[in-house]
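Trainee:
Numbering (our numbering), first residue to last: 1 to 261.
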């Protein structure tokens, strides 16, 4: 049963009240938190192609807040409030199943994408995930926290941006908005050892999809972003089409390809 709630994630009081409501209505139980809210796409679209020093629609401080308030600051707030609730419930009910916190991040944490503000925010979110995991493990808290990287997603705003700049990669490799949800649902079904082994790390939606045999809602096979062919195309190598699509690169080499983009 879905219960939609309107919340302004730039307002800490509204976020706090949301978690208080969950505590009241769900008897303190919260199994999964997915931090995915983001408000800066219109600004990124408006400032696309401009250097950080040429952005004049907002002051530098306003530009920073536009990109990294709702999408980084609020994720920290939500993760903190959720962790407290999860710990309290686990202690009270003596549950053995780990809770799950998912910070939806981006390739932009490892390569230049849009502008420095965006990359800084995504890399910070990945680091936040790692460091929160260190403290959770240090205190033997039964919570898995991950950074989840979707591929290029066919949101309304990104679809329009890709159309405006005539991006062929988007048309060929973008994934549906539903796919990341299917991946999160699959993660919740993993056994404890498999799930906890992921904690603190970066998890690719395409890896979860491949592991669990998931498909797009239309039945098509999603793009695997660790495919050597896809990475070579992304890097604009002309002979990429000659490389078989099933050859996957290890995560360490994947990070190198992304950073070189």
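All C-beta atoms in this analysis are idealised placements derived from N, C-alpha and C, irrespective of residue type, glycine included.
From a predicted model like this one, the values you see are computed outputs, not experimental measurements.
Assign residue 225 to buried or exposed, taking buried as 16 or more other Cβ atoms, counted over all protein chains shown, within 10 Å of its Cβ.
Mentor: The residue in question, residue 225, is buried, as its Cβ has 16 or more Cβ neighbours within 10 Å.
Trainee: Check for me: the alpha helix (DSSP H) holding residue 74 runs from which residue to which?
Mentor: 74–93 is the span of the alpha helix (DSSP H), which, as asked, contains residue 74.
Trainee: Less than 9 Å between the beta carbons of residue 174 and residue 192, yes or no?
Mentor: Taking 9 Å as the Cβ cut-off, residue 174 and residue 192 do not qualify as a contacting pair.
Trainee: Alpha carbon to alpha carbon, what distance is there between residue 113 and residue 151?
Mentor: When rounded, the distance between both Cα atoms is 13 Å.
Trainee: Inspect the beta-carbon positions of residue 49 and residue 88 and report whether they are closer than 9 Å.
Mentor: No, the Cβ-Cβ distance between residue 49 and residue 88 is not below 9 Å.
Trainee: Buried or exposed: residue 207, going by 16 or more other Cβ atoms within 10 Å of its Cβ?
Mentor: Result: buried.
Trainee: State yes or no: is the C-beta of residue 72 within less than 9 Å of the C-beta of residue 108?
Mentor: Contact: no.
Trainee: Which residue comes first and which comes last in the alpha helix (DSSP H) that contains residue 55?
Mentor: No alpha helix (DSSP H) contains residue 55, which DSSP labels as neither H nor E.
Trainee: Which of the three DSSP states, helix, strand or coil, is assigned to residue 117?
Mentor: Helix at residue 117.
Trainee: Leaving aside the five residues before and after residue 41 along the sequence, list all residues of the same chain whose C-beta is less than 6 Å from its C-beta, in chain order.
Mentor: Answer for residue 41: 157, listed in chain order.
Trainee: In whole angstroms, give me the CA-to-CA distance for residue 205 and residue 180.
Mentor: When rounded, the distance between both Cα atoms is 6 Å.
Trainee: Could you say which of 119, 76, 116 lies nearest to residue 102 if we only look at CA atoms?
Mentor: Comparing Cα-Cα distances from residue 102 to each of 119, 76, 116, the minimum goes to 76.
Trainee: Is there contact here, the region 6–22 with the region 44–60, by at least three beta-carbon pairs under 8 Å?
Mentor: The region 6–22, when compared against the region 44–60, does not touch it at the 8 Å Cβ threshold.
Trainee: Residue 204 lies in the beta strand (DSSP E); which residues open and close that run?
Mentor: Looking at the DSSP string, the run of the beta strand (DSSP E) that includes residue 204 is 202–204.
Trainee: Report the three-state DSSP secondary structure of residue 190 (helix, strand or coil).
Mentor: Residue 190: coil per DSSP, three-state reduction.
Trainee: Tell me residue 102's beta-bridge partners as DSSP assigns them.
Mentor: Answer is 34, 146, bridged to residue 102.
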